[in-house]
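Trainee: Under my numbering, the first residue of the sequence shown is numbered -8, with each subsequent residue one higher. Just so you know, even glycine gets a beta-carbon here, dropped at the ideal spot from N, CA and C. Only a predicted model underlies this, so the values are computations on that prediction, with no experimental measurement involved. Here it is, the structure, as structure tokens.
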Amino acid sequence: MITSMTNSRVKNVIALIKKAKTRKEQGLFVVEGTRMVKEAPKDRIKDLYVSESFLMKEENRTFLEKEVAVPFEAVKDEIFAKMSDTVTPQGILCVLQKMDHNLEYMLNQKEGTFLVLEDIQDPGNLGTMIRTGEGVGIAGVIMSNQTVDIYNPKVIRSTMGSVYRVPFCYVDDLSAALRLLKKRGVHIYAAHLQAEDNYDGCLFTGQTAFLIGNEGNGLSDEVSALAQHRLKIPMEGQVESLNAAVSASILMYEAYRQKRGHLTDRNK
């Protein structure tokens, strides 16, 4: 049992939680809670830690044996609390190897709807988009390298496990990635406040990509210029713009609705 804060493994977990640089250098990240541990790909679990009090409950020991079934290290409660990124730790966390995705892999795996993000900064926004993306079955999420780290613990928690299942990648040159999408027959739509067309007047039944920009600055001119169409979400009152995750969710679900209707029509 780990009983000291000076333990090198404890220090490393804390560094992985707090520092994107450490996560990048080691190719590792941390997830917490029974659900996130249960759904984690078993072949990617490097280390599993549980608190002393977690082990005291029979149902938790059964969970470890039957649902997780990987070796674990017990940790004193006060030490585990320092290792955790949550206010009220559930008593279980694991260190995982990062998922390896790239744009070519994503384009070759599945046709459908892509979400393309330019410099999204809020962890909750990114996590929500990924979770919503799984709900509508998107083909993948493509992010600029200035987008918040997807392995940030706040992003991980917001995805509620979808981070394990939704393909994603970071690209150094977002414009080049968009040109490749267009070359592969993906029609690109930019969510833009100066657009003339409302989103509900557009057809998204083919291969589609939605561009979503930074929360404060929106899309850059260079990126938005690569879209075949700009679209907006109509709003009432004095609202100037919607939250980035809300906007992305509306667009993804409209594409999902249209694709489902298109399939239904074809089957009549």
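Indicate the three-state DSSP secondary structure (helix, strand or coil) for Lys259 in the structure shown.
Mentor: Residue placement at Lys259 is flagged as unreliable, the pLDDT there being 42, under the threshold of 50; the coordinate-derived value follows with that caveat. Looking at Lys259 - three-state DSSP - the assignment turns out to be coil, as it is neither helix nor strand.
Trainee: Does Met134 come out as helix, strand or coil in the three-state DSSP assignment?
Mentor: If DSSP states are grouped into helix, strand and coil, Met134 belongs with the strands.
Trainee: Can you tell me whether Ser(-5) is buried or exposed? The criterion is at least 16 other CB atoms within 10 Å of its CB, across all chains shown.
Mentor: Its Cβ having fewer than 16 others within 10 Å, Ser(-5) is exposed.
Trainee: Could you name the residues that DSSP lists as bridge partners for Lys223?
Mentor: In DSSP, Lys223 forms a bridge with Asn189.
Trainee: In three-state DSSP terms, what is Val78?
Mentor: In the structure shown, Val78 sits in coil (DSSP, three-state: anything other than H, G, I, E or B).
Trainee: Considering only DSSP beta bridges, list what Leu19 is partnered with.
Mentor: Gln88.
Trainee: Tell me whether Val230 is buried or exposed, calling it buried when 16 or more other Cβ atoms sit within 10 Å of its Cβ.
Mentor: So Val230 ends up on the exposed side.
Trainee: Would you be able to state if there are at least three C-beta pairs under 8 Å between the region 83 to 98 and the region 15 to 27?
Mentor: Cβ pair count under 8 Å is three or more, so yes.
Trainee: Whose CA, out of Gln137, Gln81, Lys10, Lys37, lies closest to the CA of Arg26?
Mentor: Of the candidates Gln137, Gln81, Lys10, Lys37, the one whose C-alpha sits nearest the C-alpha of Arg26 is Gln81.
Trainee: Would you check if the region 149 to 164 and the region 116 to 126 touch, i.e. whether three or more CB-CB distances between them fall below 8 Å?
Mentor: Short answer: they touch.
Trainee: Could you spell out where the alpha helix (DSSP H) holding Ile8 opens and where it closes?
Mentor: Looking at the DSSP string, the run of the alpha helix (DSSP H) that includes Ile8 is -1 to 9.
Trainee: Rounded to whole angstroms, how far is the Cβ of Met(-8) from the Cβ of Val78, which I believe are closer than 8 Å?
Mentor: So it is not a contact: roughly 24 Å between Cβ atoms.
Trainee: Which residue's Cα is closest to the Cα of Asp110: Glu245, Leu210, Tyr155, Val146?
Mentor: Nearest of Glu245, Leu210, Tyr155, Val146 to Asp110, Cα basis: Leu210.
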